[in-house]
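Written below as structure tokens is the structure these notes are about.
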Amino acid sequence: MKQLLSFLIIIMMLSNANCQRPEDTEDWSREPVVVTPAEGTQPPSDAILLYGGAEDIEKWVQIDGGPPAWEAGDVLTVVPGTEDIQTRRHFGDVQLHVEWRTPEVIEGRGQGRGNSGIFLMGLYEVQVLDSYENETYYNGQAGAIYKQHIPLVNACRPPGEWQTYDIFFTAPGFGEDGSLLSPAFITVVHNGVLIQNHVELLGPTLFIGKPRYEKHAEKLPLKLQEHSNPVSFRNIWIREL
Numbered sequence: 027m028k029q030l031l032s033f034l035i036i037i038m039m040l041s042n043a044n045c046q047r048p049e050d051t052e053d054w055s056r057e058p059v060v061v062t063p064a065e066g067t068q069p070p071s072d073a074i075l076l077y078g079g080a081e082d083i084e085k086w087v088q089i090d091g092g093p094p095a096w097e098a099g100d101v102l103t104v105v106p107g108t109e110d111i112q113t114r115r116h117f118g119d120v121q122l123h124v125e126w127r128t129p130e131v132i133e134g135r136g137q138g139r140g141n142s143g144i145f146l147m148g149l150y151e152v153q154v155l156d157s158y159e160n161e162t163y164y165n166g167q168a169g170a171i172y173k174q175h176i177p178l179v180n181a182c183r184p185p186g187e188w189q190t191y192d193i194f195f196t197a198p199g200f201g202e203d204g205s206l207l208s209p210a211f212i213t214v215v216h217n218g219v220l221i222q223n224h225v226e227l228l229g230p231t232l233f234i235g236k237p238r239y240e241k242h243a244e245k246l247p248l249k250l251q252e253h254s255n256p257v258s259f260r261n262i263w264i265r266e267l
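End of the sequence shown sits at 267 in the numbering used here; the numbers just go up one at a time, nothing left out.
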């Protein structure tokens with residue numbers, strides 16, 4: 027009797043399998059938009075160019091709302107003693123491409139050598155630093171989520187050479203009462219090497235103390251940091267996700 031029951035179950039399973047079609051698992055609900063990929067300094071066709079030359083400085087303001095005092099030409103260079111700058115436009119979830127260069131002439135050491143930062147939503151920092159043969163605390167070197175996550179590896183090129191960050195950022199979500207519904211996540215590729223793999227952010231970047239979340243807008247500006255070193259940037263583009 028048990029053998030007969032097992033036989034009938036097998037027959038039923040085979041029968042059900044024969045009733046299924048390949049088309050049953052095909053998804054036609056959303057056709058992917060056609061995008062022309064990035065090539066050289068040309069960003070993807072659906073990207074927003076934030077800096078490709080001097081004319082793009084109008085897309086930025088100082089933190090106080092005034093015009094940027096950074097040197098704006100083919101590249102954008104920090105002028106020490108000025109202020110951080112941020113985009114006029116606000117962003118949430120993004121893919122961000124930034125090329126950056128620390129000064130060829132080495133001055134200072136540790137955090138005093140080629141220091142800047144890229145702040146997603148003006149709050150969450152990916153560290154920019156000359157970390158080529160330059161020792162500092164590991165969660166403060168190039169590619170660190172500053173004072174939160176150490177990069178998996180050090181992929182820095184020598185000072186004076188252009189470097190790239192490709193950053194994938196998911197903004198945090200908050201409830202109406204200010205409670206955290208979902209934390210921010212970030213992935214960073216440095217010079218083609220994965221250095222932050224979808225890590226969870228503990229809150230906005232802090233220099234002193236432990237980070238914690240406080241409710242903020244769904245979209246905020248992208249910020250570049252003035253940290254007393256003439257770090258340069260170029261070919262900055264962003265895709266909203």
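For each residue, glycine too, the CB sits at the ideal point set by N, CA and C.
| Check | Outcome |
| --- | --- |
| Coarse secondary structure for Gln137, derived from DSSP in three states | helix |
| Alpha-carbon spacing of Pro237 relative to Glu49, whole angstroms | 49 Å |
| Counted within 10 angstroms of its Cβ, other Cβ atoms place Ala73 as buried (16 or more) or exposed | buried |
| Three-state secondary structure assigned by DSSP to Thr213 | strand |
| Residues bridged to Ile193 (per DSSP) | Leu122 and Val214 |
| For Gly166, the residue or residues it bridges with in DSSP | Paired residues: none, contrary to the question. |
| Cβ neighbours of His224 in the same chain (closer than 7 Å, five flanking residues each side left out) | Phe211 and Thr213 |
| Assumed close pair Val152, Ile193 - CB separation to whole angstroms, cut-off 8 Å | 6 Å |
| Cβ distance (whole Å) where Asp110 is taken to contact Glu252 below 8 Å | 5 Å |
| Identity of the residue in Thr128, Glu266 and Ile171 nearest Gly138 by Cα | Thr128 |
| Pair within 8 Å by beta-carbon distance, Thr162 and Gly134 | no |
| Those residues which DSSP pairs with Ser258 across a bridge | Thr103 and Arg127 |
| Counterpart residues of Ala98 in DSSP-defined beta bridges | Leu102 |
| Contact under 8 Å by Cβ, Val61 with Val154 | no |
| 8 Å Cβ cutoff, Trp96 in contact with chain D | This model lacks chain D altogether, as it is built from one protein chain only. |
| Rounded separation between Glu52 and Pro58 - CA only | 14 Å |
| Bridge partners - Thr113, DSSP secondary structure assignment | Trp86 |
| Segment contact, 8 Å Cβ cut-off, at least three pairs: the region 84-93 with the region 63-72 | no |
| For Val219, the first and last residue of its enclosing beta strand (DSSP E) | Val219 to Glu226 |
| Given Lys249 as reference, the closest of Asp203, Val104 and Gly186 once Cα atoms are compared | Val104 |
| Pick from Leu246, Trp263, Ile262 and Asn255 that is closest to Gly148, judged by C-alpha positions | Leu246 |
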